[in-house]
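As C-alpha cells, the structure follows; a few thoughts come after it.
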Amino acid sequence: MVENKKKRTETFASIFGDEPDDIVEESKDNTGTTMLNIDDLIPFENHPFKLYEGARLDDMVESIKNFGIIVPIVVRKKDDKYQILSGHNRANSAKIVGISEVPAIIKENLTEEEATLIVTETNLMQRSFADLLHSERATVIATRHNAMKKQGVRTDLLNEIEKLSKAPNTQDTLTSCPMGTKLDTKQEIGAEYNLSSRSVARYLRINKLSDQLKALVDEGKVAMRAGVDLSYLSNDNQEMIEAIISENTFKVDIKKAASLRIYDKNGQLTWDTAKAIISGEINKKEKKPKGIKIQPKIISKYFSPEEDKKDIESIIEKALELYFNKIKDVEVIIEEEEECEQI
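Residue 71 in the UniProt record's numbering sits at position 71 of the sequence shown; the count goes up by one each step and never skips.
Rendered as C-alpha cells:
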C-alpha cells in the first residue's frame with residue numbers, strides 16, 4: 001500500500017508560524033486547509049470585537065453566497081470543538097447563507113497570549129483602528145503591550161502577523177521587559193496606532209474595567225477619562241457602579257469618577273455613597289471650598305501689573321488642571337512599572 005504523502009505548502013497559516021509536523025487527521029485539500037462542520041465551531045472566549053451588522057454584514061453575506069469563503073478561518077482544537085481565532089464574521093455569514101462546511105487552518109500548541117494576539121491582530125487587518133470601539137481599542141493595545149513586555153511570547157508569531165498587517169515601526173525583539181524601556185514601549189505602540197503615550201496609558205487602564213463598564217464607556221454613559229479612574233476600583237465596586245448607572249440611567253463624568261475613586265481608596269464607598277456621587281446629590285451637600293486669596297508677591301512674581309485679572313485667573317486654572325493631570329499620569333506609570341516588575 002503506497003503511503004499518501006502530504007506536501008507542505010505556504011498558506012495563510014504561515015503568518016502564525018510554522019505548521020506543526022503532525023498531520024491533522026481531518027481531511028485537508030492541497031492548500032493545507034481543512035473543511036470543518038460549521039456546527040463544530042465555537043467563538044473565542046470573551047471575544048472582544050463586535051460582529052458586523054448592517055451594510056457590512058450584508059456585503060459579506062452576499063460575497064460568500066456568490067464566491068464562498070475565499071480566505072480560510074483560523075481555529076484551534078478546544079475539547080471536541082474548534083475555537084475560532086480569526087474568522088468570526090466569516091463563520092457568522094456562512095451560517096446565514098446556510099453553508100455547512102468552512103475551510104479552516106488548525107493551529108496547535110498556542111499559549112493563551114498567542115491565541116489572543118491572533119484574534120486582535122487579524123481583526124485589525126480587516127478594519128481600521130479608528131473604527132473600533134473604545135473597549136476594542138483597549139483590548140488591542142493591552143494585548144500588544146503585554147506581548148511586547150512579557151517573556152516567552154513567540155517573536156516569529158508577532159513578526160509574521162506584523163508583516164501581513166503592514167503596520168510600521170515594530171521592534172525586532174519583543175520578549176523582554178527591561179527597566180527603563182516601558183515608556184518606549186508605550187511610545188512605540190502609540191506611533192503604530194497614531195496615539196500619544198498618554199492615550200496608550202489610558203487605554204491600558206480602560207482594559208482593566210469590567211466588561212459591563214467597558215460597554216458603558218462604548219455607549220458614552222461613562223466618559224473615557226472617567227473610565228480611567230473607575231479602573232482603579234475593586235471588582236466588587238465596579239460591579240456596584242455599573243448596577244447604579246444601569247438602574248438609574250445616570251452618566252459618570254470625570255469629576256464623579258474622581259470622587260468615587262477617592263471614596264474607594266479610603267474604604268468608604270458604599271451603595272448609598274456611590275449613588276449620591278453618581279446622581280450629583282453628594283456635591284450639592286458638600287460645602288463649597290473657602291475662598292483663597294493669593295498673596296500679591298506671588299502674583300507679581302509671575303504676572304506683570306498690566307495683566308488683566310480674568311486672564312490671570314484663566315492661566316491659574318489651566319496650571320492647576322495641568323498639575324492634577326500630571327499627578328494622575330504619574331500614578332498610571334508607577335502602577336505599570338510595578339506590574340511589569342512582577343512578571
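For glycine and all other residues, C-beta sits at the position ideal for the given N, C-alpha and C.
DSSP three-state call for residue i: helix, strand or coil?
i	result
Asn37	strand
Tyr323	helix
Leu85	strand
Ile42	strand
Ile294	coil
Lys77	strand
His47	coil
Ser210	coil
Leu269	coil
Phe129	helix
Leu195	coil
Thr218	The residue asked about is misnamed: residue 218 is Asp in this sequence, not Thr. Asp218 falls in the helix class under three-state DSSP.
Asp59	helix
Tyr203	helix
Ser304	coil
Glu188	helix
Glu317	helix
Glu114	helix
Glu53	coil
Thr181	Because Thr181 sits at a pLDDT of 41, beneath the cut-off of 50, its placement in the model cannot be relied upon, and the point is left open.
Lys275	helix
Lys309	helix
Lys95	helix
What residue does the beta strand (DSSP E) around residue i start on, and which one ends it?
i	result
Val102	101-107
Ile69	Where Ile69 is concerned, there is no enclosing beta strand (DSSP E), given that its DSSP letter is neither H nor E.
Apart from the five residues just before and just after residue i, which ones in its own chain have a Cβ nearer than 8 Å to its Cβ?
i	result
Thr60	The amino acid occupying residue 60 in the given sequence is Met; Thr does not appear at that position. Here the set comprises Tyr52, Asn89, Arg90, Ser93.
Phe250	Lys221, Ile244, Ile278, Ser279
His134	Tyr203, Ile206, Lys214, Val217, Asp218, Met224, Gly227
Val97	Val61, Ile64, Lys65
Asn37	Ser100, Glu101
Lys326	none
Trp271	Met240, Ile244
Leu322	none
Out of the options, which one is the CA nearest neighbour of residue i?
i	options	result
Lys78	Asn235, Ser135, Lys107	Lys107
Asn207	Val119, Ala257, Lys310, Arg137	Arg137
Lys262	Tyr232, Glu239, Ser210	Inspection of the sequence shows that residue 262 is occupied by Ile rather than by Lys. It is Tyr232 whose Cα lies nearest to the Cα of Ile262.
Thr292	Asn66, Asp272, Glu313, Ile282	A quick correction: the sequence has Ile, not Thr, at residue 292. Of the candidates Asn66, Asp272, Glu313, Ile282, the one whose C-alpha sits nearest the C-alpha of Ile292 is Glu313.
Ile70	Ile315, Thr33, Gln295, Gln187	Thr33
Ser86	Thr111, Ala55, Met125	Met125
Glu58	Lys95, Tyr82, Lys81, Lys297	Residue identity differs from the one stated: residue 58 is Asp in this sequence, not Glu. Cα-wise, what sits closest to Asp58 is Lys95.
Lys255	Leu230, Ile294, Gly68	Leu230
Ile141	Ile316, Asn248, Asn194	Asn194
Ser234	Leu320, Glu247, Gln268	Gln268
Asp40	Arg56, Val74, Lys81	Lys81
residue 362	Asn248, Val75, Pro103	With the chain covering only 1 through 343, there is no way to say anything about residue 362.
residue 393	Glu247, Pro103, Asn266, Ile298	Examination of residue 393 is not possible in this model, given that the chain is present from 1 through 343 alone.
Provide the residue span of the alpha helix (DSSP H) that contains residue i, from first to last.
i	result
Asp229	224-230
Ala243	235-248
Asp264	254-265
Closer than 7 Å by C-beta to residue i: which residues in its own chain qualify, once you throw out the five before and the five after it? Chain order, please.
i	result
Phe324	none
Ala130	none
Ala274	Met240, Ile241, Ile244, Leu260
Ser257	In the sequence under discussion, the amino acid at residue 257 is Ala, which differs from the Ser named in the question. If we look at Ala257 and ignore the five residues flanking it on each side, its Cβ neighbours are Ala226, Asp229, Leu230.
Thr139	Pro48, Thr120, Asn207
Lys186	Ser197, Val200, Ala201
Lys318	none
Using a Cβ-Cβ cut-off of 6 Å (strictly less than) and excluding sequence neighbours within five positions of residue i, which residues of its own chain qualify?
i	result
Gly190	Ser196, Ser197, Val200
Gln212	Glu242
Ala276	Ile282
Val119	Phe44, Leu85
Asp264	Leu233, Asn237
Ile42	Lys81, Gln83
Phe303	Ile312
Counting beta carbon pairs with one atom in the stretch 95-110 and one in the stretch 43-50, are three or more of them shorter than 8 Å?
Not touching, per the Cβ criterion.
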